[in-house]
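Working notes, structure below.
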Amino acid sequence: MALKGNLRDFSTTQLLNLINLARKTGTLTITSRGNAAQICFKEGKLIYAVLGGQDGHLADMLHKTGKLTEEQARTVREHSANQTDKVLGQMLINAGHVTQNDVVQAVRVHILDIVYRMFSWAEGDFRFEPTLAPAQDRIVVPVDLENVIMEGSRRLKEFERLQDELPNLDIALRFTDRPDTRLRNISLSVEEWRVVSFINPRNSIRQIAQFNNMSDFQIRKIVYGMLQAGLVELVRPEGVAPPAPKPRVGAAAATAPAVKRSQVTRLIEFFTRR
Amino acid sequence: MQTVKMVVTGPFAAGKTEFIRAISEIDVVSTERKISSEAERIKDATTVAMDFGRITVDQDLVLYLFGTPGQKRFDFMWEILSEGMLGFVVVVDSTRPETFREARSILETFRGYAATPYVVAANKQDQEDAWTPEDLRIALKIDSRVKLLPCVAQDKESVKNVLLELLYAVLERLDEQE
């Protein structure tokens, strides 16, 4: 039977929990706003994931985890166009460039990176297909879902907190009165400098994210840090009061009726012989 | 004449009226009205006050089935209908995960009304898109001690089985109390 629906109604956390508890094997496909992700499971364990638009080349995974330089990754990609991940991994191990553990860790990080992104997807159609397995040539790494769910939930909470702090990405930023003094005394990461270079009342935060190819989460995190450090301030639009929470109607607990055993027994007999 | 009462509840369009119709010996006294909201136009009419079905067990005993309105704006009827119930059935449309949260909420609300036994009927199990009862149990966070039963509300035998299981649950509760 089908296991399908929308993340709006059944979240990524709930889905992973279900797959874990039911020890399911198969592939979960999620499509949201033009993005598509496939996450594969075996007996309730996460084993592989692929995000649409990314081919998930092993060289890129190893570069991401710092096991190959950018140059090495590019060379490997160019010379291994027709190699499967498994063969390529074996070649790199045999050549002494990486260890088996490096490969496993790189794939693991890649898979988890995709799955953690899924936690922030608020809506999207999903479908679980029990017969669908990852391609044979892919390296699969079994990962227990309990920790993934815990970490994903923690990240989601952080994402939600940032969203609360910075709900509107269509507003602009400007430097506070004396930014030079402060910037001199603070060390910024490469990503933060990239954002700084676009800070201008004409650029919305969303535009800055687009210029830098950053996700909503990444830009929120950076802007929030800068706001907290007093480096920038928001050019705020007219504030809108948040909607008042709906009052919950309290339910008075009625007392259960005195049930006669004979009535229940007669009903059971009635339905059994009917 | 003794009467006992069971309540059939669940989200909008879960199949509560069909459930009662399948088993009632009388034509179900239904308070259906045409759907006015476009968003809820997945069926032509909906229950606005209650459905009422009757099963005569013998000369002295009659079972009444009350179906609750599924739409949230009629929830003022729920507590009235739950007064004095022997137990309740939560009907869930297994093909519509968008209603699972509502089903869970309704279940908790009815548990708050009275500490009576209940079962969950996983309706529309004959449809291809239906979630399995095992998956539904996890999705709805139903305790393993609570009966979650596959069901097709149009099928009398299926409905009878759900009611029987609720009666067994009532009996078990009586055993525990004694």
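Protein chains in written order, with the working numbering: chain V, 1 to 274; chain C, 275 to 452.
Backbone N, C-alpha and C fix where the C-beta goes; we use that ideal spot for every residue, glycine too.
For the beta strand (DSSP E) that F41(V) lies in, which residues bound it at each end?
The residue labelled residue 41(V) in the question sits at position 41 within the first sequence. It spans N35 to K42 - the beta strand (DSSP E) in which F41(V) sits, taken as one unbroken run.
Would you kindly check if the distance between the Cβ of L3(V) and the Cβ of F119(V) is under 7 Å?
Along the first sequence, read from residue 1 onward, the residue named residue 119(V) stands at position 119. Along the first sequence, read from residue 1 onward, the residue named residue 3(V) stands at position 3. Their beta carbons are not under 7 Å apart, which means F119(V) does not touch L3(V) by this criterion.
Indicate whether D9(V) and E372(C) have their beta-carbon atoms separated by less than 7 Å.
To locate residue 9(V), count along the first sequence from 1; it is residue 9. To locate residue 372(C), count along the second sequence from 1; it is residue 98. Going by C-beta atoms, D9(V) is nearer than 7 Å to E372(C).
Between the beta-carbon of L423(C) and the beta-carbon of A395(C), is there less than 7 Å?
Here the question's residue 423(C) lines up with position 149 in the second sequence. Here the question's residue 395(C) lines up with position 121 in the second sequence. Yes, Cβ-Cβ distance for L423(C) and A395(C) is below 7 Å.
I need the DSSP call for L188(V), collapsed to helix, strand or coil.
In the first sequence, residue 188(V) corresponds to position 188, counting from 1. It is coil, neither helix nor strand.
Just by C-beta distance, which residues in the region 142-170 of chain V are closer than 8 Å to chain C?
Within the region 142-170 of chain V, no residue qualifies.
Please tell me whether L18(V) and I416(C) are closer than 7 Å, where the distance is taken between their beta carbons.
Walking along the first sequence from the start, residue 18(V) turns up at place 18. Walking along the second sequence from the start, residue 416(C) turns up at place 142. No, they are not a contact pair.
Have a look at F350(C), E408(C), F326(C) and I354(C) and flag the residue whose alpha-carbon is nearest the alpha-carbon of G341(C).
For this step, residue 341(C) is matched to residue 67 along the second sequence. That would be F326(C), whose Cα lies nearest to the Cα of G341(C).
Could you check what DSSP says for T29(V) in three-state terms: helix, strand or coil?
Here residue 29(V) refers to the residue found at position 29 of the first sequence. T29(V): strand per DSSP, three-state reduction.
So A288(C) and D409(C) are in contact, right, with Cβ under 8 Å, and what is the actual spacing, rounded?
By 1-based counting over the second sequence, the position of residue 288(C) is 14. By 1-based counting over the second sequence, the position of residue 409(C) is 135. Not quite, the Cβ-Cβ distance comes to about 17 Å (not below 8 Å), so this is no contact.
Determine the extent of the alpha helix (DSSP H) in which D102(V) is found, giving its start and end residues.
Taking the first residue of the first sequence as 1, we reach residue 102(V) at position 102. D102(V) -> alpha helix (DSSP H) spans Q100 to M118.
What runs of the beta strand (DSSP E), each 3 residues or longer, lie entirely inside the region 136-176 of chain V?
List check, beta strand (DSSP E) in window: 172-175.
Give the residues of chain C in contact with T272(V), contact being defined as C-beta atoms less than 8 Å apart.
By one-based count along the first sequence, residue 272(V) stands at place 272. Chain C residues near T272(V): L438.
Is W381(C) close to chain V? Criterion is C-beta to C-beta, closer than 7 Å.
The residue you call residue 381(C) lines up with position 107 of the second sequence. It is Leu, not Trp, that sits at residue 381(C) in the sequence shown. By this cut-off, L381(C) is not an interface position.
Between M91(V) and F211(V), what straight-line distance do the alpha-carbon atoms span, to the nearest angstrom?
The sequence position of residue 91(V) within the first sequence is 91, counting from 1. The sequence position of residue 211(V) within the first sequence is 211, counting from 1. Between M91(V) and F211(V), the C-alpha separation is close to 38 Å.
Does the region 124-144 of chain V touch the region 35-46 of chain V, meaning 3 or more C-beta pairs lie closer than 8 Å?
The region 35-46 of chain V vs the region 124-144 of chain V: in contact.
Do you know how far the Cα of A388(C) is from the Cα of A296(C)?
Residue 296(C) sits at position 22 when you count from the first residue of the second sequence. Residue 388(C) sits at position 114 when you count from the first residue of the second sequence. Approximately 26 Å, taken between the alpha carbons.
Sorted by chain position, which residues of the same chain lie with C-beta nearer than 6 Å to V249(V)'s C-beta, five sequence neighbours on each side aside?
Within the first sequence, residue 249(V) is the residue found at index 249, counting from 1. Low per-residue confidence applies at V249(V): pLDDT is 40, beneath 50, and the placement is therefore not dependable, though the value from the model is reported in the following sentence. Correct list: empty, nothing qualifies.
Considering F340(C), what are the terminal residues of the beta strand (DSSP E) in which it resides?
Along the second sequence, one-based indexing puts residue 340(C) at 66. L335 to G341 is the span of the beta strand (DSSP E), which, as asked, contains F340(C).
Considering only residues of the same chain and omitting the five flanking positions on each side of P167(V), which have a CB-CB separation below 6 Å?
Against the first sequence, residue 167(V) aligns to sequence position 167. Nothing listed; no residue qualifies.
State the start and end residues of the unbroken alpha helix (DSSP H) segment that holds K430(C).
As a first step, residue 430(C) is located in the second sequence; it is residue number 156 there, counting from the start. K430(C) -> alpha helix (DSSP H) spans K430 to Q451.
Look at V363(C) and V436(C) and say whether their C-beta atoms are less than 7 Å apart.
By one-based count along the second sequence, residue 363(C) stands at place 89. By one-based count along the second sequence, residue 436(C) stands at place 162. Cβ atoms of V363(C) and V436(C): closer than 7 Å.
Output, in chain order, the set of chain C residues within a Cβ distance shorter than 8 Å of A22(V).
Taking the first sequence and counting its residues from 1, one reaches residue 22(V) at position 22. Result: E408, D409 and I412.
Note down, in chain order, each residue of its chain lying with its Cβ closer than 7 Å to the Cβ of D60(V), except the 5 sequence neighbours on either side.
Against the first sequence, residue 60(V) aligns to sequence position 60. Within the same chain, D60(V) has close Cβ partners A73.
Based on DSSP bridge pairs, tell me the residues matched to M280(C).
One-based indexing of the second sequence puts residue 280(C) at position 6. Partner(s): L339(C) and G361(C).
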